[in-house]
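One structure is given below, encoded as structure tokens.
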Amino acid sequence: MKEEAIKVGDKVPDFELERQDGGFFRLYDLVGKKNIVLYFYPKDSTPGCTKQACEFRDQYEVFQEQGAEVIGISSDSVASHQKFEKAYKLPFTLLSDTDGQIRKLYKVPRKLGLLPGRVTYIIDKEGVLRYIFNSMTKPLEHVSTALEVLREINSEEKHYKKV
């Protein structure tokens with residue numbers, strides 16, 4: 001039986017992975033504190049992934065203003081992430097999923113069955129999946145779409161606080 005993919009409205013699964021600085025990141029350490037933009041990308045320093053990472057970098061302050069943390073995940077090594085972060089001055093966390101376990105946990109599809117997919121998950125402060133953007137060929141749209149969704153989440157929160 002095929003396991004169900006995570007759907008919008010589901011509580012996302014927790015995980016722990018090694019960060020580019022060698023420490024460990026646990027997703028649920030952010031739940032309750034921040035919205036989370038969890039983006040899976042194919043490979044450090046490739047053209048599309050570099051464009052996407054630099055766009056997240058350039059908009060990072062806006063993500064922070066939206067109460068969100070950006071987390072990038074690929075199967076590259078910690079050393080590869082360190083080079084990628086340094087080369088492009090990336091201000092956010094990169095996680096090393098070398099065995100692909102978290103990619104499997106989140107059911108990130110592969111392109112043509114070979115290439116690791118490019119999927120962004122927008123998770124609210126309660127740890128609930130609010131949006132999935134899956135596009136291999138539009139790396140920059142992941143960033144603009146994530147910001148749009150975060151603005152919606154934040155306007156909902158403001159609305160509920162007023163009521």
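Per full-length UniProt numbering, the sequence shown starts with residue 1, numbered consecutively.
Heads up, the beta-carbon is just placed ideally off N, CA and C, and yes, glycines get one too.
Report the three-state DSSP secondary structure of residue i (helix, strand or coil).
i, result
"glycine 23", "coil"
"isoleucine 6", "coil"
"lysine 158", "helix"
"phenylalanine 92", "coil"
"arginine 130", "strand"
"valine 119", "strand"
"glycine 72", "strand"
"leucine 17", "strand"
"lysine 138", "coil"
"lysine 51", "helix"
"lysine 11", "strand"
"lysine 83", "helix"
My understanding is that residue i touches residue j, with C-beta atoms under 8 Å, so please give their C-beta distance in whole angstroms.
i, j, result
"arginine 26", "glutamate 18", "Their Cβ separation, rounded to whole angstroms, is 11 Å, which puts arginine 26 and glutamate 18 out of contact at 8 Å."
"valine 128", "lysine 11", "6 Å"
"glycine 100", "serine 75", "6 Å"
"valine 78", "serine 96", "5 Å"
"isoleucine 102", "isoleucine 73", "6 Å"
"cysteine 54", "tyrosine 88", "6 Å"
"glutamine 20", "leucine 115", "That pair is no contact at about 22 Å."
Would you kindly report the start and end of the unbroken alpha helix (DSSP H) that includes residue i?
i, result
"valine 62", "60–65"
"leucine 105", "101–105"
Just curious, the beta strand (DSSP E) that residue i is in, first and last residue?
i, result
"cysteine 38", "According to the sequence provided, residue 38 is leucine. The question's cysteine does not apply to it. Its beta strand (DSSP E) spans residues 35–40."
Closer than 6 Å by C-beta to residue i: which residues in its own chain qualify, once you throw out the five before and the five after it? Chain order, please.
i, result
"lysine 2", "Annotation note: pLDDT 46 at lysine 2 (below 50); position unreliable, no value reported."
"valine 163", "Low per-residue confidence applies at valine 163: pLDDT is 48, beneath 50, and the placement is therefore not dependable, though the value from the model is reported in the following sentence. Cβ within range, chain order: n/a, list empty."
"phenylalanine 84", "Asp44, Ser45"
Can you name, in chain order, every residue of its own chain whose Cβ lies under 7 Å from the Cβ of residue i, other than the five neighbours on each side?
i, result
"lysine 34", "Gly67, Ala68, Glu69, Lys125"
"proline 91", "Arg57, Tyr60"
"isoleucine 6", "Val12, Tyr106, Lys107, Leu129"
Spatial neighbours of residue i within its chain, please: CB distance less than 8 Å, with the 5 preceding and 5 following residues excluded, ordered by chain position.
i, result
"leucine 150", "Asn35, Val37, Phe63, Gln66, Gly67, Ala68, Ile122"
"valine 8", "Leu129, Arg130, Tyr131, Ile132"
"glutamine 52", "Tyr39, Tyr41, Arg118, Pro139, Leu140, His142, Val143"
"leucine 147", "Gln59, Val62, Phe63, Gln66"
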